[in-house]
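Here the structure is laid out as structure tokens; the discussion comes afterwards.
Number of protein chains: 2
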Amino acid sequence: MPLHQFHFNASISSSSSPFLAPPSAFNSFSSRHQNFSLPPRDLGICRCVATPQEAKTPTAYKTNVSRNANMGKLQAGYLFPEVARRRNAHKEKYPDAQVISLGIGDTTEPIPDVITSSMSKKCQALSTLEGYSGYGAEQGEKSLRAAIRSTFYADLGIDDDDIFVSDGAKCDISRLQAYVDSSVIMGQTGQFQTDVEKYANIEYMNCTPENGFFPDLSKSPRTDIIFFCSPNNPTGAAATREQLTRLVQFAKDNGSIIVYDSAYALYMSDDNPRSIFEIPGAREVAIETSSFSKYAGFTGVRLGWTVVPKELLFSDGFPVARDFNRVVCTCFNGASTVAQAGGLACLSPEGLKAMHEVIGFYKGNTEIIMDTFNSLGFKVYGGRNAPYVWVHFPGRSSWDVFAEILEKTHVVTTPGSGFGPGGEGFVRVSAFGHRGNVLEACKRFRQLYK
Amino acid sequence: MPLHQFHFNASISSSSSPFLAPPSAFNSFSSRHQNFSLPPRDLGICRCVATPQEAKTPTAYKTNVSRNANMGKLQAGYLFPEVARRRNAHKEKYPDAQVISLGIGDTTEPIPDVITSSMSKKCQALSTLEGYSGYGAEQGEKSLRAAIRSTFYADLGIDDDDIFVSDGAKCDISRLQAYVDSSVIMGQTGQFQTDVEKYANIEYMNCTPENGFFPDLSKSPRTDIIFFCSPNNPTGAAATREQLTRLVQFAKDNGSIIVYDSAYALYMSDDNPRSIFEIPGAREVAIETSSFSKYAGFTGVRLGWTVVPKELLFSDGFPVARDFNRVVCTCFNGASTVAQAGGLACLSPEGLKAMHEVIGFYKGNTEIIMDTFNSLGFKVYGGRNAPYVWVHFPGRSSWDVFAEILEKTHVVTTPGSGFGPGGEGFVRVSAFGHRGNVLEACKRFRQLYK
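Protein chains in written order, with UniProt numbering: chain A, 1 to 450; chain B, 1 to 450.
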């Protein structure tokens with residue numbers, strides 16, 4: 001499941017990640033409560049979680065190996081399994097209904113031929129003596145690293161070897177251990193607090209229409225890691241240059257590291273920064289991770305990258321990139337050569353043109369969805385800069401609205417509260433879908449809310 | 001770089017892996033010294049390690065984030081960088097020499113067309129509306145999991161959903177955190193002890209000709225994890241059914257978990273178990289990891305798998321597979337759909353035939369190398385069950401022999417002592433190479449040692 005179902009933004013106190021000091025190295029964790037919380041991270045990720053009952057097996061023998069107690073802190077999947085459960089129940093109730101899913105954020109359109117042709121050629125080459133290649137560099141092929149730099153980071157002071165090619169942003173984030181579930185697994189968070197629906201030791205940054213979907217940094221305590229996703233999923237909000245300049249300054253004042261998820265950058269219509277590294281000084285405080293998934297439909301092909309500038313240093317002056325490189329070399333063996341051939345094709349002039357056409361198609365879907373809800377008098381957010389429309393139903397329960405839409409229109413959306421209490425009263429409508437389905441869904445929305 | 005450059009066998013006391021309890025949960029670690037040690041794990045893995053000097057940059061600003069002190073325990077890469085340094089120096093000295101590399105264990109032969117054709121078709125399908133697919137299951141496609149089970153684990157009591165498809169055994173092992181460098185990074189080992197060339201809190205299991213390359217379990221202390229690689233790299237030794245039966249019993253008596261690396265199983269000539277699960281009771285104490293890399297030349301395509309039986313339980317009765325599944329779902333997004341299409345083709349009747357032909361070719365190389373050294377009066381080990389020949393030069397320094405062979409024959413091998421002190425007096429000759437190069441190298445060996 002996609003990384004950018006890492007919703008809203010969060011900052012993490014300390015870490016026991018492969019490259020950050022373990023919690024034990026810290027005297028104390030702040031665990032102040034914010035008025036807004038992240039969902040248990042696995043919601044969109046792990047669709048097959050054990051319940052204690054399931055876990056029991058008839059086997060008598062047990063090893064003497066203790067389970068990692070941190071695993072027990074993980075909350076069972078809820079949002080997407082629950083959405084799926086309700087969709088299935090609905091299909092049983094209305095076996096003949098044409099159910100349309102605008103819920104989960106998975107790509108639906110074919111990969112442009114110019115890209116798949118290159119991948120296909122690479123596969124064929126692997127069966128020839130001249131074209132065969134074995135192990136590649138863990139950091140990715142030089143040509144691809146160079147193409148990513150020149151395409152996305154030209155004139156931003158980023159070098160080719162600052163780019164680490166990965167099998168997807170989610171995997172890199174987990175290697176970074178900035179990922180909430182990973183953080184829980186590594187024991188850097190406290191228990192999940194059901195009352196506030198958040199893990200202890202993680203500061204949740206409130207992003208709502210009231211604050212323009214940008215946190216009040218004056219109220220944010222210092223943390224080691226600040227995870228920031230822009231354009232954001234699910235709100236679709238993109239931070240402005242002025243906001244990101246404040247974020248970088250905040251990180252610098254606190255000596256924090258920003259992990260910036262820019263996986264939707266090419267979806268931006270506004271003149272917002274496409275990369276955190278457009279902000280002066282960001283190379284000293286930020287890591288950026290991105291992916292080909294939503295640009296070229298590579299959700300299944302698996303290809304992404306992470307930028308770790310040489311200027312980013314630990315408190316002892318050791319470059320973060322050196323340790324990240326070591327972690328990548330130790331825990332990863334490079335992205336598939338076929339996927340990398342596809343990535344290289346994505347960044348060719350024809351590939352870029354084709355990628356932008358796919359993105360343009362999804363943005364077209366987004367406009368149709370936004371126009372529909374706007375014309376019905378709803379307040380909608382996002383959309384302009386991300387393939388998600390965040391529709392406001394003031395005073396109503398997200399799950400009630402979700403159920404109403406499903407019951408009356410046979411369209412599956414995602415209840416905002418599933419992303420956390422701050423999402424209450426909102427529903428996320430995904431723009432990933434075939435045009436016909438999106439048009440049909442909007443026609444039904446108009447009938448329901450006319 | 002390949003997982004099975006995880007040399008010899010090691011057992012690890014406790015763990016702070018994603019699914020094992022952190023060291024803090026243990027009162028004490030055993031750190032008894034064995035007379036044999038593993039190399040610093042990154043040797044074959046990380047070819048770009050920072051030296052403190054390199055690490056320094058002119059940047060003034062530092063974050064307040066502490067570096068993970070465990071990273072500092074990692075030893076700089078030595079063996080393969082050093083082998084490469086000497087090879088390059090040799091090339092400068094003899095610019096016209098035809099240098100042959102039988103050092104590093106990377107595949108050299110093309111991937112059979114029946115396999116690449118399926119991958120190519122999958123790529124083309126991704127550019128069609130019908131053939132496009134997005135996110136797949138983190139655990140891998142049902143059809144591939146079923147094919148792996150029926151091909152490698154028929155009648156062994158393994159279910160399809162015990163199989164977790166990965167982007168390579170190395171990556172899965174790192175997720176398992178049984179991998180030595182990962183273990184160090186997660187803080188489960190002590191400092192590297194230069195005197196004995198080993199990390200504290202890791203028990204090194206002595207595998208030499210004297211004990212038939214199988215450890216004396218009566219001298220082995222109890223550990224949580226026992227990492228066992230058979231057929232072994234670099235010795236090429238494959239454990240017998242009787243030895244593995246003792247290993248399983250040893251694990252059962254101690255309540256340990258065996259992580260069994262069987263990545264060379266199809267190279268076996270002897271009638272040894274291809275899987276640890278051929279041993280009764282193994283499903284209650286073992287995890288098995290394997291890969292398509294050395295079977296189908298997938299070192300760059302990236303595809304492997306790990307088997308975690310439901311019967312394997314933590315001390316509290318919780319199934320290890322449930323937590324491993326959660327880790328995979330959290331830290332991984334599934335292997336590339338293209339690689340999985342290739343894996344499925346590998347396991348078709350034609351694919352299996354083609355894979356065995358490639359393996360047969362490398363086994364042919366191995367025989368040529370073994371015959372050469374045998375006829376020259378050397379004692380050679382391995383070979384019969386793995387693509388590595390372990391040649392004994394009693395009383396001589398591995399590095400001296402390596403240098404002699406390189407100087408006199410322009411052939412690059414790997415000095416045994418680079419894998420650890422127990423390898424002193426041995427040289428590893430890899431069978432991964434084009435036939436012409438192997439024949440030429442052997443011709444030169446005959447001239448040198450006639």
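Backbone N, C-alpha and C define an ideal beta-carbon position, used for all residues, glycine too.
If you check each beta-carbon in the stretch 84-97 of chain B against every beta-carbon of chain A, none falls closer than 8 Å. Residue contact check for A:CYS229 against chain B: no CB pair falls below 9 Å. Restricting attention to B:PHE393, B:CYS331, B:LYS93, B:VAL380, the CA atom closest to the CA of B:ALA137 is found in B:CYS331. Every alpha helix (DSSP H) of 4 residues or more that sits fully in the stretch 115-186 of chain A is shown, in chain order, as 142-152, 169-176, 180-185. For the C-beta of B:THR107, the chain A residues within less than 7 Å are, from N- to C-terminus, GLY134.
Excluding sequence positions up to five before and after A:GLY382, its CB lies within less than 7 Å of the CB of THR235, GLY236, ALA237, TYR388, VAL389, TRP390, all in the same chain and listed in chain order. Beta-bridge pairing by DSSP links B:ASP261 to B:CYS229, B:THR289. Remark: C-beta atoms of B:ARG85 and B:VAL412 do not approach each other more closely than 9 Å. Annotation for B:GLY351: VAL114, ILE115, ALA345 place their beta carbon closer than 6 Å to its own, counting only its chain and skipping 5 residues before and after. Inter-residue distance for A:LEU244 and B:ARG326 is about 34 Å (C-alpha atoms, whole angstroms). When Cβ-Cβ separations below 9 Å define contact, A:TYR61 makes contact with chain B.
Put simply, the CB of B:GLY255 is near chain A, with a gap under 9 Å to one of its CB atoms. Uninterrupted alpha helix (DSSP H) stretches at least 4 residues long and entirely within the stretch 369-425 of chain B occur at 398-409, given in chain order.
Shown here for B:GLN191: same chain residues with a beta carbon closer than 8 Å to its own, the five before and five after excluded, namely LYS73, TYR199, ALA200 in chain order. Using a Cβ-Cβ distance cut-off of 8 Å, the stretch 209-225 of chain B and the stretch 246-257 of chain B are in contact, since at least three pairs of beta carbons, one from each stretch, lie closer than that value. Annotated three-state conformation of A:MET268 is coil, per DSSP. Partner residues in the beta bridge of A:PHE192, as assigned by DSSP, are A:TYR199. A:PRO319 sits in a strand when the DSSP states are folded into three classes. Proximity of A:THR330 to chain B, defined by a Cβ-Cβ separation below 9 Å, is satisfied. In terms of beta-carbon proximity, A:ASN201 stays away from the interface with chain B, with every pair separated by 9 Å or more. Per DSSP, the continuous beta strand (DSSP E) segment holding B:VAL307 begins and ends at 304-307.
In this structure, the CA atom of A:LYS379 is about 18 Å from the CA atom of A:ARG444.
Taking 9 Å as the threshold, the shortest C-beta distance from B:GLU357 to chain A does not fall below it. Distance from the CA of A:LYS122 to the CA of A:THR107, rounded to the nearest whole angstrom, comes to 24 Å. In this structure, the beta-carbon distance from B:ALA239 to B:VAL301 does not fall below 9 Å.
Assigned with DSSP and collapsed to three states, B:SER218 falls in helix.
When DSSP reads this structure, A:ARG246 sits in no beta bridge, so it has no partner.
The C-beta of A:GLY377 has fewer than 16 other C-beta atoms within 10 Å across all chains shown, which makes the residue exposed. Within the DSSP bridge table, the entry for A:ILE359 names no partner. Taking 8 Å as the upper bound for CB-CB distance, A:SER291 and A:GLY304 are in contact here, some 4 Å apart. Residue-level contact by beta carbon holds for A:THR116 and chain B, with a gap shorter than 9 Å. When Cβ-Cβ separations below 9 Å define contact, B:ALA147 makes no contact with chain A.
One finds THR116, SER120 in chain A with Cβ atoms closer than 7 Å to the Cβ of B:GLN124, taken in chain order. Proximity of A:ASN64 to chain B, defined by a Cβ-Cβ separation below 9 Å, is satisfied.
In this structure, B:PRO110 lies near A:LEU129, with their beta-carbon atoms less than 9 Å apart. Ranked by Cα distance from B:GLN139, the options B:ASN211, B:GLY168, B:ASP155, B:ASP96 are led by B:GLY168.
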